[in-house]
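Enquirer: Let me give you the structure first, and then I'll get to my questions.
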Amino acid sequence: MGGYEPLYHALYELSSAAVIEEITKSGLRGRGGGGYPTGLKWATVAKMPGKQKYVICNADEGDPGAFMDRSVLESDPHRVLEGMAIAGYAIGANHGFIYVRAEYPLAIQRLTKAIQQAKKYGLLGSQIFESGFDFKIDIRIGAGAFVCGEETALIHSIEGGRGNPRPRPPYPAEVGLWGCPTLINNVETYANITPIIRKGAEWYSSIGTAGSKGTKVFALTGKVQHTGLVEVPMGTTLRQIVEEMGGGVAEGRVKAVQTGGPSGGCIPAVFFDTPVDYESLQQLGTMMGSGGMIVMDDATSMVEIAQFYMDFCRGESCGKCVPCRAGTVQLHEMLTKIVNHQATETDIEQMEALCQMVKEMSLCGLGQSAPNPVLSTLRYFKEEYLARLRPEVETFATAKD
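Numbering-wise (my numbering), the sequence shown opens with residue 1 and increments by one.
Rendered as structure tokens:
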């Protein structure tokens, strides 16, 4: 169905600079969470000096409730391989790596087969389409550490080291894999490359909103009636996704939706008419992330949701920096204290202050975003926290009022 035609088109009819310009004009932003402009990232790596450069596909999809990348790798791996090859041509790289977690055995199996097929037909390897362009792709299997979704930790893991992040700058675009300029994008970002080259930047940029172009795949799960993957134009409202496509909840009412996984936050139902794009979600105190979307009904305890995500971050912290290593443990203990009706309002104030410290002082994105579920639930559902205070404190406050 037209596979590898865009790669042929890029090699024979476009210069490397023209490919980057097309991706830039399309308005594609990274689908891995931060939403960094893809064309700008490619241009930065392309300008770096040095003969050896690398392309990395981040397939370490670790968010609870997220399975977008897995679906693409299992159903259409050649789309990702072709996107990586086009990226390699654009930035001047001849070697790519796909870093995929071991919990995705079927994805690994099908990726391996796809790479073998591409090599057999001369679509990967030496002299692709007899053009003089060489590009090979290897698979590296991660051991399931959530922190390896952070690009510098992922690079250390590919190199054979412990998956710990390092301070940035320098960014991987300048000093990446084995000290060489390195381009890192996630699965969904590379999957968007071939249609852009095939149909053009103008076609792609006609979809979505002014600041968020194209479509986005979401993994809809939780209390919603119709779970699964949905692909929607950027700017589609949360209400359309949750209530029309997902069918709402079976019993009771929709209370909130969690976006962005452990790095995101909870959005109450009153904001469901918000268009889903990078800026709108950030204004609500959450983020798009890789695309997990967990729906919660009115029987869900938002305090316990925050406790669950903090437990996850506490267990996944690599321990390299103290704010994250110790801060997530302390935040989980505070949340447990609240859940067990042992806390006071002072504890909630201290927890908010600790959230800000962990957010501002942690080394990498895991720690910097770990407090988001706590802060968002405090912002929109503080009455649930107050309802969990020690009974005698609650009684005293009522009498005083």
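From the three backbone atoms N, C-alpha and C, an ideal C-beta is built for every residue, glycine too.
(1) Would a C-beta distance cut-off of 7 Å place ILE128 and GLU151 closer than the cut-off?
(2) Start and end of the alpha helix (DSSP H) containing CYS355?
(3) Expressed to the nearest angstrom, what Euclidean distance is found between the alpha-carbon atoms of LYS213 and HIS226?
(4) Between GLU182 and VAL303, how many whole angstroms is the CB-CB distance? I'm expecting something under 8 Å.
(5) Does the distance from the CB of THR209 to the CB of GLY65 come in under 7 Å?
(6) Compute the Euclidean distance between the alpha carbons of LEU354 and CYS266, then round it to the nearest angstrom.
(7) Considering only residues of the stretch 218-258, which uninterrupted beta strand (DSSP E) runs meet the minimum length of 3 residues and lie entirely inside it, listed in chain order?
(8) Go ahead and label TRP42 buried or exposed: buried means 16 or more other beta carbons lie within 10 angstroms of its beta carbon, across all protein chains shown.
(9) So, using beta-carbon positions, are ASN94 and ASP60 closer together than 7 Å?
(10) Identify the residues that DSSP records as bridge partners of PHE97: which are they?
(11) What do you get for LEU7, buried or exposed, if any count of 16 or more other CB atoms within 10 angstroms of its CB means buried?
(12) Grouping DSSP H, G and I as helix and E and B as strand, with all else coil, what is GLY365?
(13) Across which residues does DSSP place THR182 in a beta bridge pair?
(14) Determine, using beta carbons only, whether ALA343 comes closer than 7 Å to chain C.
(15) Quick one: measure Cβ to Cβ for LEU366 and VAL232, integer angstroms, because I've assumed they're closer than 8 Å.
(16) Beta strand (DSSP E) containing VAL295: first to last residue?
(17) Quick check on GLN258: buried or exposed, where buried means 16 or more other Cβ atoms within 10 Å of its Cβ?
(18) Quick check: the Cα distance between MET334 and GLN342, rounded to an integer number of angstroms?
(19) Alpha carbon to alpha carbon, how far is GLY291 from VAL249? Give it in angstroms, no decimals.
(20) Using a Cβ-Cβ cut-off of 7 Å (strictly less than) and excluding sequence neighbours within five positions of ILE141, which residues of its own chain qualify?
(21) Tell me, which residues are paired with LYS320 by DSSP?
(22) Quick check on THR194: does DSSP put it in helix, strand or coil?
(23) Do you know how far the Cα of GLU352 is from the Cα of GLU22?
(24) What does a CB cutoff of less than 8 Å around GLN350 pick up in its chain, not counting 5 residues either side in sequence?
(25) Is ALA118 near LEU111, with beta carbons less than 7 Å apart?
(26) Beta carbon of THR38, beta carbon of GLY50: below 7 Å?
(27) If I measure Cβ to Cβ from GLY92 and keep anything under 7 Å in the same chain, skipping five residues before and after, which residues do I get?
(28) Nearest to GLU244 by alpha carbon, out of GLY122, ASP273, PRO268 and PRO262?
(29) Within the continuous beta strand (DSSP E) that includes ILE267, where are the two ends?
(30) Run through the DSSP bridge pairs and tell me what LEU111 is partnered with.
Expert: By the coordinates alone:
(1) As a first step, residue 128 is located in the sequence shown; it is residue number 128 there, counting from the start. As a first step, residue 151 is located in the sequence shown; it is residue number 151 there, counting from the start. No, the pair does not count as a contact, with Cβ atoms beyond the cut-off.
(2) Sequence index remark: in the sequence shown, residue 355 carries index 355 (1-based). First-last of the alpha helix (DSSP H) with CYS355: 345-361.
(3) One-based indexing of the sequence shown puts residue 213 at position 213. One-based indexing of the sequence shown puts residue 226 at position 226. Cα to Cα, LYS213 sits roughly 26 Å from HIS226.
(4) Residue mapping note: residue 182 aligns to position 182 of the sequence shown, counting from 1. Residue mapping note: residue 303 aligns to position 303 of the sequence shown, counting from 1. Going by the sequence as given, residue 182 is Thr instead of Glu. The pair is not a contact, with the Cβ atoms about 41 Å apart (cut-off 8 Å).
(5) Sequence index remark: in the sequence shown, residue 209 carries index 209 (1-based). Sequence index remark: in the sequence shown, residue 65 carries index 65 (1-based). No, the Cβ-Cβ distance between THR209 and GLY65 is not below 7 Å.
(6) Working through the sequence shown from its first residue, we reach residue 354 at position 354. Working through the sequence shown from its first residue, we reach residue 266 at position 266. Roughly 19 Å separates the two Cα atoms.
(7) 228-233
(8) Residue numbering aside, residue 42 sits at position 42 when the sequence shown is read from its first letter. With 16 or more other Cβ atoms within 10 Å, it is buried.
(9) Position 94 of the sequence shown, counted from the start, is the residue given in the question as residue 94. Position 60 of the sequence shown, counted from the start, is the residue given in the question as residue 60. Not a contact, by the Cβ cut-off of 7 Å.
(10) Position 97 of the sequence shown, counted from the start, is the residue given in the question as residue 97. ILE56 and ASP138.
(11) Within the sequence shown, residue 7 is the residue found at index 7, counting from 1. Per the 10 Å Cβ criterion, buried.
(12) Indexing the sequence shown from 1 puts residue 365 at position 365. Looking at GLY365 - three-state DSSP - the assignment turns out to be helix.
(13) Within the sequence shown, the letter at position 182 stands for residue 182. Answer is TYR54, bridged to THR182.
(14) The chain inventory of the structure shown lacks chain C, comprising one protein chain alone.
(15) As a position in the sequence shown, residue 366 is number 366, starting the count at 1. As a position in the sequence shown, residue 232 is number 232, starting the count at 1. LEU366 to VAL232, Cβ: 28 Å. No contact.
(16) For this step, residue 295 is matched to residue 295 along the sequence shown. Where VAL295 is concerned, the enclosing beta strand (DSSP E) stretches over 292-297.
(17) Position 258 of the sequence shown holds residue 258. With 16 or more Cβ atoms within 10 Å of its Cβ, GLN258 is classed as buried.
(18) Here residue 334 is taken as the residue at index 334 of the sequence shown, counted from 1. Here residue 342 is taken as the residue at index 342 of the sequence shown, counted from 1. Near 9 Å, if we compare the C-alpha coordinates of GLN342 and MET334.
(19) Translated into positions along the sequence shown, residue 249 becomes position 249. Translated into positions along the sequence shown, residue 291 becomes position 291. C-alpha separation (whole angstroms): 20 Å.
(20) Here residue 141 refers to the residue found at position 141 of the sequence shown. Within the same chain, ILE141 has close Cβ partners VAL100, ALA102 and ILE108.
(21) Indexing the sequence shown from 1 puts residue 320 at position 320. DSSP, once it has assigned bridges, lists no residue as partnering LYS320.
(22) Your numbering for residue 194 matches position 194 in the sequence shown. In the structure shown, THR194 sits in a helix (DSSP, three-state: H, G or I).
(23) On the sequence shown, residue 22 is found 22 positions in, with the first residue counted as 1. On the sequence shown, residue 352 is found 352 positions in, with the first residue counted as 1. Approximately 44 Å, taken between the alpha carbons.
(24) Counted from its first residue, the sequence shown places residue 350 at position 350. Closer than 8 Å at the Cβ level, and outside the excluded window around GLN350, lie MET334.
(25) Here residue 118 corresponds to residue number 118 of the sequence shown, with the count starting at 1. Here residue 111 corresponds to residue number 111 of the sequence shown, with the count starting at 1. Not closer than 7 Å, so no.
(26) Taking the first residue of the sequence shown as position 1, residue 38 is located at position 38. Taking the first residue of the sequence shown as position 1, residue 50 is located at position 50. In this structure, GLY50 does not lie closer than 7 Å to THR38 by Cβ.
(27) Locating residue 92 in the sequence shown gives position 92, where the first residue counts as 1. Closer than 7 Å at Cβ, skipping near neighbours: SER16, ALA46 and LYS53.
(28) Taking the sequence shown and counting its residues from 1, the one referred to as residue 244 is at position 244. The shortest C-alpha separation from GLU244 is found at ASP273.
(29) Along the sequence shown, read from residue 1 onward, the residue named residue 267 stands at position 267. Its beta strand (DSSP E) spans residues 265-268.
(30) One-based indexing of the sequence shown puts residue 111 at position 111. For LEU111, which the question treats as bridged, DSSP gives no partner whatsoever.
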